[in-house]
Every structure is written in C-alpha cells, then in structure tokens.
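> Pasting in a structure now, in structure tokens, and then I'll have a few things to ask.
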Amino acid sequence: FEQIILRSNPDGSAVLLGDVARVELGIRGYDTESLLNGEPVSFMLVYQQPDSNALEVIDRVTAKMEELAQRFPAGVGWYIPYDTTKFVKLSIEEVVQTFFEALVLVIIVVFVFLQNWRATLIPLLAVPVSIIGTFSGMYMLGFSINTLTLFGMILAIGIVVDDAIVVIENVERNMHEFGLSPKEAARRAMDEVTGPVIAIMLVLCAVFIPTAFLSGMSGQLYKQFAITISISVVLSGIVALTLSPALAAILLKPRSEKKNAFFRGFEKGFDKMTNGYVAGSSFLIHKIPVALLLFAGVIVLVWGLFKVVPGGFVPDEDQGYLISVAILPDGASLERTRAVIEQANAIFEKHPAVKEVASLAGFSLLDSQNKPNYATFFLTLKDWKERTTPDLQAFKVQQVLQGEVAKAIDKAQVVLFNPPAIPGMSSTGGFEFWIQNRGSDTDPKLLQETVQKFIAASKKVPELASLTTTFNADSQQLFVDLDREKARALNVPVNDVFDLMQGIFGSIYVNDFNKFGRTYRVMLQADAPYRTKPEDINQVYVRSTTGQMIPLSALVTVKYITGPDNVPRFNVFSAARINGNAAPGYSSGEALAAMEKLADEVLPSSMYYAWSGQAFQEKQVGAASTLAFVFGIIMVFLILAAQYEKWALPIAVITAVPFGIAGAFVAVFLRGLENDVYFQIGLVTLIALAAKNAILIVEFAVMKHEEGMPIIDAAMEAARLRFRPIVMTSLAFILGCVPLAISTGAGAFSRHSIGTGVIGGMLGATCVAIFFVPAFYRLFTGKDKDKDKDQDKDQDKSTSSSEAESTPPAPGQEEAHHA
Numbered sequence: 047f048e049q050i051i052l053r054s055n056p057d058g059s060a061v062l063l064g065d066v067a068r069v070e071l072g073i074r075g076y077d078t079e080s081l082l083n084g085e086p087v088s089f090m091l092v093y094q095q096p097d098s099n100a101l102e103v104i105d106r107v108t109a110k111m112e113e114l115a116q117r118f119p120a121g122v123g124w125y126i127p128y129d130t131t132k133f134v135k136l137s138i139e140e141v142v143q144t145f146f147e148a149l150v151l152v153i154i155v156v157f158v159f160l161q162n163w164r165a166t167l168i169p170l171l172a173v174p175v176s177i178i179g180t181f182s183g184m185y186m187l188g189f190s191i192n193t194l195t196l197f198g199m200i201l202a203i204g205i206v207v208d209d210a211i212v213v214i215e216n217v218e219r220n221m222h223e224f225g226l227s228p229k230e231a232a233r234r235a236m237d238e239v240t241g242p243v244i245a246i247m248l249v250l251c252a253v254f255i256p257t258a259f260l261s262g263m264s265g266q267l268y269k270q271f272a273i274t275i276s277i278s279v280v281l282s283g284i285v286a287l288t289l290s291p292a293l294a295a296i297l298l299k300p301r302s303e304k305k306n307a308f309f310r311g312f313e314k315g316f317d318k319m320t321n322g323y324v325a326g327s328s329f330l331i332h333k334i335p336v337a338l339l340l341f342a343g344v345i346v347l348v349w350g351l352f353k354v355v356p357g358g359f360v361p362d363e364d365q366g367y368l369i370s371v372a373i374l375p376d377g378a379s380l381e382r383t384r385a386v387i388e389q390a391n392a393i394f395e396k397h398p399a400v401k402e403v404a405s406l407a408g409f410s411l412l413d414s415q416n417k418p419n420y421a422t423f424f425l426t427l428k429d430w431k432e433r434t435t436p437d438l439q440a441f442k443v444q445q446v447l448q449g450e451v452a453k454a455i456d457k458a459q460v461v462l463f464n465p466p467a468i469p470g471m472s473s474t475g476g477f478e479f480w481i482q483n484r485g486s487d488t489d490p491k492l493l494q495e496t497v498q499k500f501i502a503a504s505k506k507v508p509e510l511a512s513l514t515t516t517f518n519a520d521s522q523q524l525f526v527d528l529d530r531e532k533a534r535a536l537n538v539p540v541n542d543v544f545d546l547m548q549g550i551f552g553s554i555y556v557n558d559f560n561k562f563g564r565t566y567r568v569m570l571q572a573d574a575p576y577r578t579k580p581e582d583i584n585q586v587y588v589r590s591t592t593g594q595m596i597p598l599s600a601l602v603t604v605k606y607i608t609g610p611d612n613v614p615r616f617n618v619f620s621a622a623r624i625n626g627n628a629a630p631g632y633s634s635g636e637a638l639a640a641m642e643k644l645a646d647e648v649l650p651s652s653m654y655y656a657w658s659g660q661a662f663q664e665k666q667v668g669a670a671s672t673l674a675f676v677f678g679i680i681m682v683f684l685i686l687a688a689q690y691e692k693w694a695l696p697i698a699v700i701t702a703v704p705f706g707i708a709g710a711f712v713a714v715f716l717r718g719l720e721n722d723v724y725f726q727i728g729l730v731t732l733i734a735l736a737a738k739n740a741i742l743i744v745e746f747a748v749m750k751h752e753e754g755m756p757i758i759d760a761a762m763e764a765a766r767l768r769f770r771p772i773v774m775t776s777l778a779f780i781l782g783c784v785p786l787a788i789s790t791g792a793g794a795f796s797r798h799s800i801g802t803g804v805i806g807g808m809l810g811a812t813c814v815a816i817f818f819v820p821a822f823y824r825l826f827t828g829k830d831k832d833k834d835k836d837q838d839k840d841q842d843k844s845t846s847s848s849e850a851e852s853t854p855p856a857p858g859q860e861e862a863h864h865a
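Heads up, the sequence shown is in our numbering, so the first residue is 47 and it goes up one at a time.
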C-alpha cells in the first residue's frame with residue numbers, strides 16, 4: 047500500500063502513498079482500551095446463545111482456546127478473568143453436598159423411629175429407585191442438572207422416604223398388635239394405607255403440575271422444580287405400593303429382643319408426647335368454637351406477616367465478582383477516562399477480597415455502547431473459601447469500595463453493582479426503571495430535566511441507593527452547517543463535501559486484503575494530530591468539478607451545540623433508563639415500591655414509568671405465584687372430593703394449609719429473609735406437605751367411621767394411630783431440609799430461602815395443624831350429631847380417658863396395649 051502512486055512528476059519521480067501517509071497494521075477501533083490489573087490486554091466477550099448450556103459453553107471455549115494457544119507467538123498467552131460459570135459450578139457442588147447431608151440425616155431419623163436396621167433399609171432402598179427414575183424422566187424431558195432440579199431432588203428425599211415410612215410403620219404395627227406374620231401384616235397394612243398413599247401422591251402432583259404451565263421467567267423457575275418433584279412423587283408412590291410391602295414381607299421379622307436404654311427412654315418420651323397430643327386434640331374436637339377462633343387468629347397472622355415480610359425476586363448472591371461503572375462529564379476524552387481507571391484500579395486492587403480487576407475504557411455496560419467518557423470494571427473476588435468473614439463478602443466489599451471511590455475520585459461518578467442474580471436478566475444487579483415521555487412535547491431536554499429531578503428527589507428516600515442514568519440531552523457536539531447555495535455556485539458537489547469530511551474526521555472503508563492467512567480491512571482517515579480541533583477544518587480543501595481546490599472553511603460553518611447522543615425508546619415512546627440499587631438493609635421489593643411511590647409524587651402527567659429486566663420479572667412473579675397457589679388449592683380440593691366422594695370433607699384437609707404458611711412466614715421473618723420466588727416455591731410445596739399430614743388422619747378417621755365408630759371416636763383413634771408416622775415422616779423431611787437452611791458458600795442465600803420457609807412451614811403443619819385436623823374432620827363430616835352432643839356432655843370423662851390411653855406400641859415392642 048505504501049507503493050501506491052498518487053502523482054507522477056514531469057521529472058519522472060512519483061509521489062507515493064507512503065510519502066504522505068502512515069500505513070500500518072492496527073486494531074479495528076481505538077475508541078476503547080482494555081486493561082487487566084493495569085496491563086494492556088485484548089478482551090474478547092463471549093455471550094451465551096439461547097437454549098445453550100453455560101457449562102458446556104465455557105468448556106468448549108476453554109478447549110478451543112487451548113487449541114489456538116498452540117499457535118500463538120512467543121510471549122502471547124490467554125486468560126479468563128471474568129467467568130460467571132464458576133459460581134454456577136460451585137452452587138451445584140454445594141447443593142449436591144447438601145443432598146448427601148440431607149440423606150444422612152433422614153437415615154438417622156428413620157432408624158431412631160423404626161429402631162431396626164432391617165426396617166430402616168426398606169425406605170432407604172426406595173430413595174435410589176425413585177431418584178434414578180427421576181433422573182431418567184429429567185433426561186427424557188431435556189432438563190439439566192441445575193440448582194432448581196437439585197432443590198427438587200433434595201425435597202424429594204423426604205417425600206420418597208415418607209411414603210415408604212407410612213407403609214413400613216403400618217406393617218410393623220400390625221405385626222406387633224395382631225401377631226401377624228410379615229407377609230400377612232404387609233397385606234393388612236396395604237389394605238389400610240393404599241388409599242392414603244394414592245391420595246397423597248395425587249395431591250402432591252395436583253399441586254405441582256399446574257405450576258409447570260406458568261408463563262414468564264417465574265414460570266421457567268417453577269417448571270423444572272415442579273416437574274422434577276412430580277416425577278419423584280409418582281415414582282415414590284409406585285415404590286411405596288409395590289416395592290416397599292414386598293421388601294417388608296421379605297426382610298421384616300418378629301422381634302422379641304429387649305430394647306436398649308436409649309430406645310426405652312425415647313419410647314417413654316414419645317408416649318408422653320402422644321398423650322399430650324391426644325389430650326389437645328380431644329379438647330379442640332369438643333370445643334369447635336375455640337378451634338375456629340384460633341384458626342381465625344392464624345389467618346390474621348398469615349395476612350399480617352404477608353404485609354410485613356419484604357418482597358423480592360430472587361436472593362442477591364455472592365457470585366464471586368462485582369461490576370463497576372465510571373461516568374465522566376460529557377465530552378471527556380479517553381485520556382481523562384484512562385486517568386480515572388488508574389485511580390479506581392489502585393483503590394480496588396488494594397482491598398484484601400479482590401483478586402484482580404479487568405477494566406474497559408470507553409465502554410458503558412449500562413447501555414452497551416462505546417463512549418469515551420465511560421469505563422467498565424469487572425472485579426474478580428478471591429475464592430469463597432478465602433472469604434469466610436462477613437467483611438470479605440461481596441455485599442460488604444461493594445459498600446466499602448463504593449465509599450472509598452466516592453471520597454477519592456471527584457472527576458467521575460463511580461458506581462459498584464452486584465451482578466444480576468439471573469445472568470441475562472439485566473446488565474447489572476439492582477433494578478432498571480424507565481421514564482417515558484408520552485406527552486406532545488417530545489423535546490429531549492424536558493425528559494432530561496424530569497429524570498434529573500427524579501434522581502435528586504431519590505436521594506431523600508432511604509430505601510434507594512446509587513441511582514444513575516446514561517441519558518443526557520446536553521452532550522456537547524459540533525454542528526457543521528453546509529452552505530449548499532455557495533457550494534453549487536463554486537461547482538462543488540454536496541456528496542463530495544460529505545465524503546471528504548467522513549474521510550478526514552471519521553474513516554472510510556476501502557476494501558479487504560489477505561495477509562498471514564487472515565483477511566484485513568483497509569481503512570482511510572486523517573492522522574490524529576490533524577483532526578482533533580475544530581480549527582483543523584481550515585487545512586482541508588475540496589476539489590470542484592472544474593479542478594479548483596476550494597477551502598472547506600469557505601463552504602461550511604462550525605459551531606458548538608448541545609443535544610442527546612441518542613434517544614432510547616421504550617414501548618415506542620422516547621424514554622430514559624435509570625439504574626439503581628436497594629439501600630443496605632432494604633429488600634428489592636421495598637426499593638421497587640419506593641420508586642413507584644416517588645414516581646407518583648414527582649413525575650408530571652405527561653411522564654409515565656415502566657420496569658424492565660429483573661425488576662419487571664419481580665413485579666410479575668407475585669401474580670404468577672398467587673395463580674400457582676390458587677390452582678394448587680383448587681386441585682387439592684377436587685382430588686380429595688373425588689377421593690372421599692364428598693364436597694365438605696376435603697376442607698378438613700385444606701384447613702391444615704394456613705398453619706404451614708404461617709410457620710413459613712414466621713421462619714423467614716425471624717431470619718430476616720425475603721418473600722422471593724424460592725420462598726414462594728416452598729409455599730406451593732407446603733400446600734401438598736401440610737395436606738399430606740391431614741390426609742393420614744382424615745383417611746383413617748373415615749375408615750374407622752365406616753367400621754361403625756362415632757365421628758369423634760373415629761377422629762381421635764385416627765389421630766392417635768397416625769401421630770407416630772406423621773411425626774416420623776415430618777421430622778425426616780424437616781431434618782432433610784436443615785442443610786439447605788444452614789448452608790454456606792456459593793448460592794447459599796437461595797438455599798436459605800427455600801429451606802427456611804419449608805422447615806418453618808412443616809413445623810407449623812406438624813406441631814400445630816394436626817391438633818386441629820380432628821376438630822375440622824368432625825365439623826365438616828356432618829353426621830352423628832346427636833351422639834356428638836352426648837359425647838360433648840362427657841367431655842371431661844373423654845379427655846381423662848383419652849389421656850389414660852396408651853399410645854400404640856412402637857415397632858419392636860412386645861406387649862400389645864390395645865386390641
């Protein structure tokens with residue numbers, strides 16, 4: 047290219063392109079600069095395509111880079127400083143560890159209650175059968191092993207064991223009460239528990255399957271969890287009805303050996319607990335108005351806690367990195383931005399939690415545009431194992447660094463963000479809020495004034511922090527006004543003027559050429575010293591059609607103006623985006639509510655607001671969760687109505703649900719957690735789990751009543767017989783969820799949310815709701831009212847006699863306490 051002849055002189059010499067131009071191989075653009083720990087690098091951003099797997103993408107990228115590195119020149123290497131999949135991998139590893147911890151705790155609970163390794167082995171054999179079957183179903187549906195499916199598997203452990211425990215406990219009870227052989231006891235037990243097991247399986251599926259059809263992001267979050275747990279529930283029911291009784295008939299044997307001191311003490315304590323439960327249930331079943339009054343109190347408690355517990359979308363996690371954006375005044379050069387980067391890097395790198403800092407000068411992550419007055423930083427933090435103290439967690443690091451850069455850097459606004467909880471939902475963490483101009487006056491300056499007033503007013507709102515916007519209607523610009531009449535008079539084509547200015551002050555694409563086996567673009571532009579000032583236009587000439595060289599300054603007038611770099615549109619209307627965060631100590635739900643309240647107070651009538659990104663999904667998830675909850679209740683009611691062939695009796699089961707919900711809200715309130723989508727998934731799960739306990743009592747009460755017992759006697763007998771399996775299965779499920787609620791490391795906050803809610807709900811459903819189930823069974827059965835009234839008159843005798851009754855013997859107990 048340097049040898050291209052521009053002009054031949056009469057003396058035979060020639061003016062070559064290399065004589066008047068600098069020709070070099072360079073990068074495509076010089077409007078951005080990349081640094082890693084202060085050293086220049088070349089960044090390549092890799093974005094995941096829809097429907098692809100992030101872990102597969104990073105593995106293939108790494109393999110490809112290792113292949114390419116073999117052909118790199120000496121001294122050239124590659125490195126991945128910003129990898130969002132590290133958090134995903136560690137989160138999955140943590141959940142897998144939680145899975146095995148939960149399994150161990152469930153084994154301990156089952157053994158303590160069954161007190162026999164042979165009996166304990168049967169529920170444990172049901173776990174791998176159901177789990178392997180669940181993995182097969184996930185594979186056929188195209189699901190991946192992710193956080194949500196693993197959450198479903200952890201909860202499924204308790205459910206799978208529950209069904210098997212119900213069968214085995216009843217087999218052992220029949221063996222020791224009636225002296226039956228294992229085979230006969232299994233046959234008799236299945237006659238008793240087949241109905242409850244099928245009802246529980248149908249109720250669980252009825253709760254979860256409707257959530258799989260929810261739309262939007264919340265629907266996607268519900269879908270894999272719901273279908274995973276539904277598959278495991280169906281397989282668990284099949285195993286409980288087929289494999290578990292068969293194993294019981296083969297493995298169980300009559301036992302007469304004396305129990306050790308621990309089991310004797312355990313049985314003595316559990317007998318007292320059972321007597322207390324029977325006495326409490328007896329009181330409520332004879333005092334229906336008291337039961338209704340207490341039930342109303344629980345409803346009020348749920349409503350109050352719903353209002354008090356802050357809302358959210360998904361928990362903000364310590365993902366191992368932070369994002370920062372530096373915003374300089376309009377018109378700031380890349381050199382000034384580079385100076386701010388050096389200041390910020392010095393502050394970031396000295397923090398003990400920061401491993402490395404990658405920075406991009408001239409790039410705005412907020413709107414993904416190249417702007418010389420913007421810079422973007424990616425702060426990679428040290429491994430979670432090296433950051434065990436609270437002051438080294440990402441949230442605290444963000445607060446500390448935000449304060450330090452605010453004090454040290456006065457030439458730019460530097461804002462730090464936690465990354466979005468769900469990658470791809472937003473460019474940064476926090477929320478995205480749009481102000482739309484829907485009035486007749488579409489002047490961008492009006493929109494800017496409104497946005498700036500809004501941001502200024504937000505500084506007085508305690509729930510909000512770090513509100514920023516990239517919209518600016520006063521960016522300094524050079525306006526070149528061409529005198530077209532004068533250009534026509536001097537025979538200068540207008541297109542020639544514009545092409546000249548493009549080549550001098552911008553750049554022109556010429557063609558491509560091949561070198562080193564690669565294709566390169568040829569770009570033409572004036573050298574930097576000749577296009578940096580408005581006065582440089584005086585040195586430029588344009589050729590007329592007559593061959594004369596006309597000064598460009600004779601044809602154009604240059605002046606400074608202000609205006610927007612771009613005018614974004616949101617839903618057709620011109621709009622400005624505001625990024626922000628919830629202030630420390632406030633939830634995202636509280637921040638969104640504060641933004642909407644402020645908008646109603648500050649925005650004029652021609653301005654409207656809208657949400658996008660993660661904030662939009664958070665606003666949508668409430669309606670989706672309510673829909674899922676309502677559908678779950680309706681499906682449970684219809685399934686039970688078909689099961690019992692009655693419309694009123696299912697209400698006795700459904701009334702257990704508010705107690706579980708109250709327990710869940712109390713638990714998250716005490717731990718200071720949010721009402722987010724993971725907690726709401728747990729609430730849907732509690733509909734089925736709370737109903738499961740009630741079904742065990744109601745089903746046996748119906749059976750005893752059909753055998754001729756009065757309603758109250760049938761209800762109390764069912765409560766006494768089913769108390770042990772209810773406590774056993776509930777405790778196994780609760781302890782199986784404890785590792786979720788107390789976990790640490792990557793993704794811990796999501797596990798805390800679902801684990802805490804489910805544990806609290808199951809405590810409410812087990813420790814409180816089961817006292818009310820017999821009373822509500824009596825209330826909604828509506829028969830034998832005369833006999834019930836007679837029994838109410840003898841309440842004191844009934845209560846004392848019920849307290850005197852012994853509990854059904856535990857498995858392995860020699861004597862039979864009741865016929």
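Quick reminder that beta carbons are idealized off the backbone N, C-alpha and C, glycines included.
Please determine, among 691, 826, 588, 395, the residue with the shortest C-alpha to C-alpha distance to residue 84.
Translated into positions along the sequence shown, residue 84 becomes position 38. Taking only the C-alpha atoms, the option nearest residue 84 is 395.
> Below 8 Å on the Cβ atoms is my guess for residue 795 versus residue 660; work out the distance and round it to an integer in Å.
On the sequence shown, residue 795 is found 749 positions in, with the first residue counted as 1. On the sequence shown, residue 660 is found 614 positions in, with the first residue counted as 1. Not confirmed; about 15 Å, so no contact.
> Return the first residue and the last residue of the alpha helix (DSSP H) that residue 102 is part of.
Here the question's residue 102 lines up with position 56 in the sequence shown. Element bounds for residue 102: 100 to 115.
> Where are the alpha helix (DSSP H) runs, 4 residues long or more, that stay fully inside the stretch 685 to 752, in chain order?
Fully enclosed alpha helix (DSSP H) runs of 4 or longer: 695 to 700, 703 to 717, 723 to 752.
> Would a C-beta distance cut-off of 8 Å place residue 460 and residue 524 closer than the cut-off?
Taking the sequence shown and counting its residues from 1, the one referred to as residue 460 is at position 414. Taking the sequence shown and counting its residues from 1, the one referred to as residue 524 is at position 478. Contact: no.
> Identify which residue in 590, 237, 599 has its Cα closest to the Cα of residue 581.
Mapped onto the sequence shown, residue 581 falls at position 535. That would be 599, whose Cα lies nearest to the Cα of residue 581.
> Tell me, which residues are paired with residue 372 by DSSP?
Position 326 of the sequence shown holds residue 372. Its beta-bridge partners are 421, 460.
> Buried or exposed for residue 853, please, with buried defined as at least 16 other CB atoms from any protein chain shown within 10 angstroms of its CB.
Counting from one through the sequence shown, the residue named residue 853 turns up at place 807. Annotation note: pLDDT 41 at residue 853 (below 50); position unreliable, no value reported.
> According to DSSP, is residue 481 helix, strand or coil?
Numbered from 1 along the sequence shown, position 435 holds the residue referred to as residue 481. Strand at residue 481.
> Is it the case that the Cβ atoms of residue 733 and residue 679 are separated by a distance below 8 Å?
Residue numbering aside, residue 733 sits at position 687 when the sequence shown is read from its first letter. Residue numbering aside, residue 679 sits at position 633 when the sequence shown is read from its first letter. Yes, the Cβ-Cβ distance between residue 733 and residue 679 is below 8 Å.
> Any contact between the stretch 176 to 185 and the stretch 218 to 238? By contact I mean 3 or more CB pairs, one from each, below 8 Å.
No, the stretch 176 to 185 is not in contact with the stretch 218 to 238.
> Who pairs with residue 401 in a beta bridge, going by DSSP?
In the sequence shown, the residue the question calls residue 401 occupies position 355. BP columns for residue 401 are empty, so no partner.
> Which residue from 289, 192, 206, 300 puts its Cα closest to that of residue 223?
The sequence position of residue 223 within the sequence shown is 177, counting from 1. Closest by alpha carbon: 300.
> Would DSSP call residue 630 helix, strand or coil?
For the purposes of this step, residue 630 is taken as the residue at position 584 of the sequence shown. Residue state, collapsed to three classes: coil.
> Excluding the 5 residues preceding and the 5 following residue 206 in the sequence, name in chain order all residues of the same chain whose CB lies nearer than 7 Å to its CB.
Position 160 of the sequence shown, counted from the start, is the residue given in the question as residue 206. Correct list, in chain order: 172, 173, 176, 278, 282.
> Could you say which of 748, 685, 633, 761 lies nearest to residue 718 if we only look at CA atoms?
Looking up residue 718 in the sequence shown gives position 672. When only C-alpha atoms are compared, the closest one is 633.
> Looking at the ligand MN, does it come within less than 7 Å of residue 725, judged from the CB to the closest heavy atom?
No copy of the ligand MN occurs in the structure displayed, which carries no ligand at all.
> Helix, strand or coil for residue 839 per DSSP?
Residue numbering aside, residue 839 sits at position 793 when the sequence shown is read from its first letter. Reliability of the predicted coordinates at residue 839 is poor, the pLDDT of 47 falling under 50, and no value is obtained from them.
> With a 10 Å radius around its C-beta and 16 neighbouring C-beta atoms as the bar for buried, classify residue 812 as buried or exposed.
On the sequence shown, position 766 is the one that residue 812 refers to. Buried.
> Would the stretch 452 to 467 count as touching the stretch 605 to 618 if we require 3 or more Cβ pairs under 8 Å?
Because the criterion of three Cβ pairs below 8 Å is not met, the stretch 452 to 467 and the stretch 605 to 618 do not touch.
> Could you pull the start and end residues of the beta strand (DSSP E) that residue 522 belongs to?
Your numbering for residue 522 matches position 476 in the sequence shown. Element bounds for residue 522: 521 to 528.
> How should residue 209 be labelled, buried or exposed, when 16 other C-beta atoms within 10 angstroms of its C-beta is the threshold for buried?
The residue you call residue 209 lines up with position 163 of the sequence shown. Its Cβ being crowded by 16 or more others within 10 Å, residue 209 is buried.
> Can you find the residues in the same chain that come closer than 6 Å, C-beta to C-beta, to residue 493, ignoring five residues on each side of it along the sequence?
For the purposes of this step, residue 493 is taken as the residue at position 447 of the sequence shown. 483, 622, listed in sequence order.
> Counting only the same chain and skipping the five closest in sequence on each side, list residues whose C-beta sits under 6 Å from that of residue 217.
Against the sequence shown, residue 217 aligns to sequence position 171. Excluding residues within five positions, the ones whose Cβ falls inside 6 Å are 231, 232, 235, 294.
> Count the other C-beta atoms from every protein chain shown that fall within 10 angstroms of the C-beta of residue 353, then say buried if there are 16 or more, exposed otherwise.
Taking the first residue of the sequence shown as position 1, residue 353 is located at position 307. Exposed, because fewer than 16 other Cβ atoms sit within 10 Å of the Cβ of residue 353.
> Taking only the alpha-carbon atoms, compute the straight-line gap between residue 671 and residue 731 and give it to the nearest angstrom.
As a working mapping, residue 671 is identified with position 625 in the sequence shown. As a working mapping, residue 731 is identified with position 685 in the sequence shown. Approximately 12 Å, taken between the alpha carbons.
> DSSP has residue 619 in a bridge; who is on the other side?
Numbered from its first residue, the sequence shown carries residue 619 at position 573. Per DSSP, 616.
> If we ignore side chains and look at the alpha-carbon of each, how far apart do residue 576 and residue 61 end up?
Counted from its first residue, the sequence shown places residue 576 at position 530. Counted from its first residue, the sequence shown places residue 61 at position 15. Their backbone Cα atoms lie some 20 Å apart in a straight line.
> Report back the beta-carbon spacing between residue 626 and residue 423 to the nearest angstrom; my notes put them in contact at under 8 Å.
As a working mapping, residue 626 is identified with position 580 in the sequence shown. As a working mapping, residue 423 is identified with position 377 in the sequence shown. Their Cβ separation, rounded to whole angstroms, is 18 Å, which puts residue 626 and residue 423 out of contact at 8 Å.
> Restricting to Cα atoms, I'd like to know which of 815, 715, 676 is closest to residue 254.
Residue numbering aside, residue 254 sits at position 208 when the sequence shown is read from its first letter. Closest option to residue 254, Cα to Cα, is 676.
> Who does residue 415 pair with in a DSSP beta bridge?
Within the sequence shown, the letter at position 369 stands for residue 415. BP columns for residue 415 point to 410.
> So for residue 229, helix, strand or coil by DSSP?
Here residue 229 refers to the residue found at position 183 when the sequence shown is read from its first residue. Three-state DSSP puts residue 229 in a helix.
> Could you tell me the distance, in whole angstroms, from the CA atom of residue 532 to the CA atom of residue 540?
In the sequence shown, counting from the first residue as 1, residue 532 sits at position 486. In the sequence shown, counting from the first residue as 1, residue 540 sits at position 494. Those two C-alpha atoms are separated by around 10 Å.
> Which residue comes first and which comes last in the beta strand (DSSP E) that contains residue 134?
Reading the sequence shown from its first residue, position 88 is the one you call residue 134. Per DSSP, residue 134 belongs to no beta strand (DSSP E); it is in the alpha helix (DSSP H), 131 to 160.
> From residue 81 to residue 119, what distance separates their C-alpha atoms?
As a working mapping, residue 81 is identified with position 35 in the sequence shown. As a working mapping, residue 119 is identified with position 73 in the sequence shown. Those two C-alpha atoms are separated by around 20 Å.
> Taking DSSP as the reference, what is the three-state secondary structure of residue 832?
Walking along the sequence shown from the start, residue 832 turns up at place 786. With a pLDDT of 43 at residue 832, under the threshold of 50, the modelled position of that residue is not reliable, and the figure given next carries that caveat. It is helical.
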